[in-house]
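Shown next, in structure tokens, is the structure this report addresses.
Residue numbers (the numbering used here): 5 to 203.
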């Protein structure tokens, strides 16, 4: 059981704080000989598996490293295109590590504003008057918990589905936010938080 991520979203939907405590569980490393029996494609500036599943490697997993060296998007550490590198038979045998793609900063900003919009839609469409919006969203991989303050700041925690006590954690994060961000005379409201004390 674990806490995967903590997000703080301002009342306008902007991400003002983010902390990842994510340890990838579904990473698989395998040594391949030529030709590669997986079909790879470039998606969102990352090389991902588009066809062929085996030994823990799934469709949608991103290529994370080649021969123990992390890749940079669709390029190797040397700056070569990964797809071209893997087409060359002289580069084999090659050890490749696959796993879930890590989110970029821009993707995290986009997801925070998207959740803000969904939260607002949920509040407006609820048949109950004065609905508090989305408080918990559950999937088979994680639970998303949300606490909105009276001023509209949202504290979001992504946790293991079996994790308990998240409501108390959200209130504690809010308390720490009040102490270290709001009481700081140099902090401007709605701006990113640069304090390591929050998480």
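The beta-carbon is built from N, C-alpha and C at its ideal position, and this holds for glycine as well.
- Can you name, in chain order, every residue of its own chain whose Cβ lies under 6 Å from the Cβ of residue 4, other than the five neighbours on each side? The first residue shown for the chain is 5 and the last is 203, placing residue 4 beyond what the model contains.
- Message: Could you tell me the alpha carbon to alpha carbon distance between residue 99 and residue 48, rounded to whole angstroms?
- Response: Within the chain shown, residue 99 is the residue found at index 95, counting from 1. Within the chain shown, residue 48 is the residue found at index 44, counting from 1. Between residue 99 and residue 48, the C-alpha separation is close to 23 Å.
- Query: By Cβ distance below 8 Å, which residues in the same chain neighbour residue 167 in space, the five residues on each side in sequence not counted?
  - Reply: On the chain shown, residue 167 is found 163 positions in, with the first residue counted as 1. Here the set comprises 5, 6, 7, 147.
- Can you check whether the CB of residue 32 is closer than 8 Å to the CB of residue 194? As a position in the chain shown, residue 194 is number 190, starting the count at 1. As a position in the chain shown, residue 32 is number 28, starting the count at 1. The answer is no: Cβ separation not under 8 Å.
- Per DSSP, cross-strand counterpart(s) of residue 141: Sequence index remark: in the chain shown, residue 141 carries index 137 (1-based). According to DSSP, which records beta bridges pairwise, residue 141 is partnered with 148.
- For residue 119, count neighbouring Cβ atoms within 10 angstroms of its own Cβ and tell me buried if that reaches 16, exposed if not. Residue mapping note: residue 119 aligns to position 115 of the chain shown, counting from 1. Under this definition residue 119 is a buried residue.
- Range covered by the beta strand (DSSP E) that runs through residue 19: As a working mapping, residue 19 is identified with position 15 in the chain shown. Counting along the chain, the beta strand (DSSP E) containing residue 19 begins and ends at 19-24.
- Query: Distance, Cα to Cα, residue 75 vs residue 51?
  - Reply: Counting from 1 along the chain shown, the entry for residue 75 is found at position 71. Counting from 1 along the chain shown, the entry for residue 51 is found at position 47. Answer to the nearest angstrom: the Cα atoms are 10 Å apart.
- Cα-Cα separation, residue 145 to residue 63: By one-based count along the chain shown, residue 145 stands at place 141. By one-based count along the chain shown, residue 63 stands at place 59. About 17 Å.
- Task: Taking the CB atoms as reference points, tell me whether residue 138 and residue 12 lie closer together than 8 Å.
- Result: In the chain shown, residue 138 corresponds to position 134, counting from 1. In the chain shown, residue 12 corresponds to position 8, counting from 1. No, these two residues do not count as a Cβ contact at 8 Å.
- Alpha-carbon spacing of residue 89 relative to residue 83, whole angstroms: As a position in the chain shown, residue 89 is number 85, starting the count at 1. As a position in the chain shown, residue 83 is number 79, starting the count at 1. Between residue 89 and residue 83, the C-alpha separation is close to 10 Å.
- Distance, residue 175 Cα to residue 24 Cα: The count along the chain shown starts at 1 and reaches residue 24 at position 20. The count along the chain shown starts at 1 and reaches residue 175 at position 171. Residue 24 and residue 175: Cα-Cα distance of roughly 19 Å.
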